[in-house]
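Q:
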Amino acid sequence: MPEVLVCKHGEIADGDVRLIKVGREEIGVIRHRDTYYAYRNLCPHQGGPACEGLRMPQVVDRIGDRGIFLGQTFDEGDMHIVCPWHGYEFHLSDGCHVIDRRLRLKKYEVVQRGDEIFVAV
Amino acid sequence: MNEHTRSFRDLSAEAFDTRTLLRNAAEQAIDRRYEDFFIADVDSHHYETEAFREIAEFIEDPVLRNEARFQGTSRGGISSETGSYQELAGRITRYPERKNEKVPSKPHRDITLMERWMDQLGVDVAVMFPTPMLNLSNCPRHEVEVGLAQGYNRWLCETILDKEPRIKSMLYLPFHDPEACFRTIEEFGDRKGVVGFMVTATHYTRNYTNPYMKVYAALEERGLPLGFHAAFTWADQSLQLTNRFIAVHGLGFTWCNMLHMANWLVNGMPERFPKLKTIWIESGLAWVPFLMQRLDNEFMMRTSDAPLLKRKPSEYMREMYYTSQPMEMVDNRKALEVTFEMINAPSQLLYSSDYPHWDMDLPSTIYDLPFLDMQAKRNILGGNAQKLFNLAPVLSPVKQARLAARKAAQAAGVAAE
Numbered sequence: 029m030p031e032v033l034v035c036k037h038g039e040i041a042d043g044d045v046r047l048i049k050v051g052r053e054e055i056g057v058i059r060h061r062d063t064y065y066a067y068r069n070l071c072p073h074q075g076g077p078a079c080e081g082l083r084m085p086q087v088v089d090r091i092g093d094r095g096i097f098l099g100q101t102f103d104e105g106d107m108h109i110v111c112p113w114h115g116y117e118f119h120l121s122d123g124c125h126v127i128d129r130r131l132r133l134k135k136y137e138v139v140q141r142g143d144e145i146f147v148a149v
Numbered sequence: 159m160n161e162h163t164r165s166f167r168d169l170s171a172e173a174f175d176t177r178t179l180l181r182n183a184a185e186q187a188i189d190r191r192y193e194d195f196f197i198a199d200v201d202s203h204h205y206e207t208e209a210f211r212e213i214a215e216f217i218e219d220p221v222l223r224n225e226a227r228f229q230g231t232s233r234g235g236i237s238s239e240t241g242s243y244q245e246l247a248g249r250i251t252r253y254p255e256r257k258n259e260k261v262p263s264k265p266h267r268d269i270t271l272m273e274r275w276m277d278q279l280g281v282d283v284a285v286m287f288p289t290p291m292l293n294l295s296n297c298p299r300h301e302v303e304v305g306l307a308q309g310y311n312r313w314l315c316e317t318i319l320d321k322e323p324r325i326k327s328m329l330y331l332p333f334h335d336p337e338a339c340f341r342t343i344e345e346f347g348d349r350k351g352v353v354g355f356m357v358t359a360t361h362y363t364r365n366y367t368n369p370y371m372k373v374y375a376a377l378e379e380r381g382l383p384l385g386f387h388a389a390f391t392w393a394d395q396s397l398q399l400t401n402r403f404i405a406v407h408g409l410g411f412t413w414c415n416m417l418h419m420a421n422w423l424v425n426g427m428p429e430r431f432p433k434l435k436t437i438w439i440e441s442g443l444a445w446v447p448f449l450m451q452r453l454d455n456e457f458m459m460r461t462s463d464a465p466l467l468k469r470k471p472s473e474y475m476r477e478m479y480y481t482s483q484p485m486e487m488v489d490n491r492k493a494l495e496v497t498f499e500m501i502n503a504p505s506q507l508l509y510s511s512d513y514p515h516w517d518m519d520l521p522s523t524i525y526d527l528p529f530l531d532m533q534a535k536r537n538i539l540g541g542n543a544q545k546l547f548n549l550a551p552v553l554s555p556v557k558q559a560r561l562a563a564r565k566a567a568q569a570a571g572v573a574a575e
């Protein structure tokens, strides 16, 4: 499978995203906690540029004994890609929508070779 | 084989621009060949807050004008009644970024920003409404509503509608004051770009009381439609019971229009003003079949409660107009198709984006529906609005150029053969 060189490790700051164009497709390469993820920059909802939005953790309602509401927090272990057009949220880990897994961002394999980052297209 | 990408964009170094945010919409417009037909967007918005210093100068009352200069206008903070988090706490990036968007000094910023998103979506003509000022309805000082509405309407006519033929509006009626509504229609009814008048549905007023009759009569005589534009307010007593935006918005935007629709019907307004066209704006569509069924069922047992009605409520509702957004589209294709049948969508439904708000819909939400034929799609996307508002079906310069390029390419192909 052809690979496209995206950057040298470190060129994309942690938490940032670089958009690359491969043919007609635009791919967002996201660096999060020193891991790189690559998804097609196209939301399955209405076609928004999903990778250009914020990354936000899962919001959690904290519920105690007998259904008591204790407050809210973020689950930093479950980061989401948030489409900036309408707010559809997808797991950064696999690109699936957080509720309906049938909706998903197209995922690309990321290959790190030495200090260079490639995407298999 | 390895290939180094020849171009890339690092988002952290990029300035916000509507055209960039919406370039996928532009691709949809090209793929679906929107240059083949006219698209009118019947509900879009601008943020009048950004021009409020200008608008304040159009307020006639010098005391109110001074107060407006001093106070400005904006949404409240997190604890206020209007302190919503519509923009999903920053997730909808165009909310915080819009103010940073660079535009040329001319034309007016609002015109440039409107044209940018209209061109990307493939919209030729848009009916534009304000945003925070929709909730002037909740201002307890009715004279402030009247003064501000007049100032805004004057500013809108002189600064935007007179200058840009692609932008239209249904002007804000200060509905707490029927006499002021009547004066508004008299003053602005013939102005360029004014295609009707609009009531914000969060007005806690009885739309059937006698002082309003001259307002409806004036609109009917002029052939101008009356829109009820939905909104929500967390000040509503029942909605104060909600604690999440999804609840106050999901209920509020439908409830306020259901309330006005029910009062409108059972008091026989469609019989009193048979030529007055009404448009129900930004409540989505799912509420319409619900209310049709509910009112028909009760009416058949209680016709004496609505003696002006000669037909079932749903039959009047089928003759009214509805804007499409926010169209309920998740896993409900059958329900949506039935809804389209019940509201007679091919002639009564008007495409609306609500751009730039968080739940905006692109033209493809209509264009891609499998149960509509092409004529119905074109009617909903622009033809119905063209007839209702008497619009000239002129394609945007961008779409005209695209059409000309296609024709030139076709001609070149024929010549080559």
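Protein chains in written order, with this note's numbering: chain H, 29 to 149; chain L, 159 to 575. C-beta: ideal position from N, C-alpha, C; glycine also.
1. Can we say the region 204-223 of chain L touches the region 307-327 of chain L, given the rule of at least three CB pairs closer than 8 Å?
2. Hey, how far is the Cα of N296/L from the Cα of T360/L?
3. Drop a sphere of 10 angstroms on the beta-carbon of E344/L, count the other beta-carbons inside from all chains shown, and report buried for 16 or more, exposed for fewer.
4. Show which residues of chain L have a CB atom less than 8 Å away from the CB atom of Q74/H.
5. At a Cβ threshold of 8 Å, is Y205/L touching chain H?
6. Strictly under 8 Å for the Cβ-Cβ distance: is I250/L near chain H by that measure?
7. Would you mind reading off the limits of the alpha helix (DSSP H) that contains A359/L?
8. Under 8 Å: do the region 527-534 of chain L and the region 123-135 of chain H share three or more Cβ pairs, one atom per stretch?
9. So E495/L is in the alpha helix (DSSP H); what residue range does that whole segment cover?
10. Taking the C-alpha atoms as reference points, what is the distance between D194/L and L397/L?
11. Applying the 10 Å Cβ sphere with the 16-neighbour rule, what's the burial state of N368/L?
12. Does the beta carbon of F216/L come closer than 8 Å to any beta carbon on chain A?
13. Where do the ends of the beta strand (DSSP E) carrying K557/L lie?
14. Along the chain, where does the beta strand (DSSP E) containing S472/L start, and where does it finish?
15. Please confirm whether W438/L has its beta-carbon closer than 8 Å to some beta-carbon of chain H.
16. What distance in whole Å lies between the Cβ atoms of D282/L and V446/L, which are believed to be in contact at a cut-off of 8 Å?
17. Within the same chain, show all residues whose beta-carbon is closer than 8 Å to that of G426/L, passing over the 5 residues directly before and after it, in chain order.
18. Which of helix, strand or coil does DSSP assign to R249/L?
19. Quick check on P432/L: does DSSP put it in helix, strand or coil?
20. Do you know offhand how far A171/L's Cα is from E53/H's?
21. Roughly how many angstroms separate the alpha carbons of L507/L and Y479/L, rounded to a whole number?
22. Assign D277/L to one of two classes, buried (16 or more other C-beta atoms within 10 Å of its C-beta) or exposed (fewer than that).
23. Can you list, in chain order, the residues of the region 59-73 of chain H whose Cβ is nearer than 7 Å to any Cβ on chain L?
24. Between which two residues does the beta strand (DSSP E) containing E104/H stretch?
25. Could you check whether A183/L and L329/L sit closer than 8 Å to each other, using their CB atoms as the reference points?
26. Could you pull out every unbroken beta strand (DSSP E) segment of at least 3 residues lying fully inside the region 266-290 of chain L, listed in chain order?
27. Which residues bound the beta strand (DSSP E) around P85/H?
28. Give the interface partners of A183/L over in chain H, defined as CB-CB distance under 8 Å, in chain order.
29. Compute the Euclidean distance between the alpha carbons of Y362/L and T412/L, then round it to the nearest angstrom.
30. When DSSP labels each residue in this structure, what does H204/L get in the three-state scheme?
31. Quick one: which residues of the region 36-54 of chain H get their C-beta closer than 8 Å to a C-beta of chain L? List them in chain order.
32. Does the beta carbon of D168/L sit closer than 8 Å to a beta carbon anywhere in chain H?
33. In three-state terms, what does DSSP make of D463/L?
34. Along the region 109-127 of chain H, what residues have a CB closer than 7 Å to any CB found in chain L?
35. Tell me which same chain residues have a C-beta within less than 7 Å of the C-beta of D394/L, skipping the five on either side of it?
36. For V496/L, I'd like the list of residues in its chain whose CB is within less than 8 Å of its CB, leaving aside the five on either flank, ordered along the chain.
A: Taking the geometry as given:
1. yes
2. Their backbone Cα atoms lie some 7 Å apart in a straight line.
3. exposed
4. D519, L520, S522 and T523
5. no
6. I250/L counts as touching chain H.
7. Segment: none, A359/L is in no alpha helix (DSSP H) and carries neither H nor E.
8. no
9. R491 to M500
10. 44 Å
11. exposed
12. No chain A is present in this structure, whose protein chains are H and L.
13. First-last for K557/L: P555 to A574, but that is the alpha helix (DSSP H), not the beta strand (DSSP E).
14. Taken as a continuous stretch (DSSP letters only), S472/L belongs to no beta strand (DSSP E), being part of the alpha helix (DSSP H) at P471 to M475.
15. With its beta carbon at least 8 Å from every one in chain H, W438/L lies outside the interface.
16. Incorrect: roughly 27 Å between the Cβ atoms, too far for contact.
17. A464, P465, L466 and L467
18. coil
19. coil
20. 21 Å
21. 6 Å
22. buried
23. L70
24. F97 to V110
25. no
26. 283-287
27. R83 to I91
28. G75
29. 15 Å
30. coil
31. I40, A41, D44, V45, R46, L47, I48, K49 and V50
32. yes
33. helix
34. V110, P112, H114 and G115
35. G410.
36. P447
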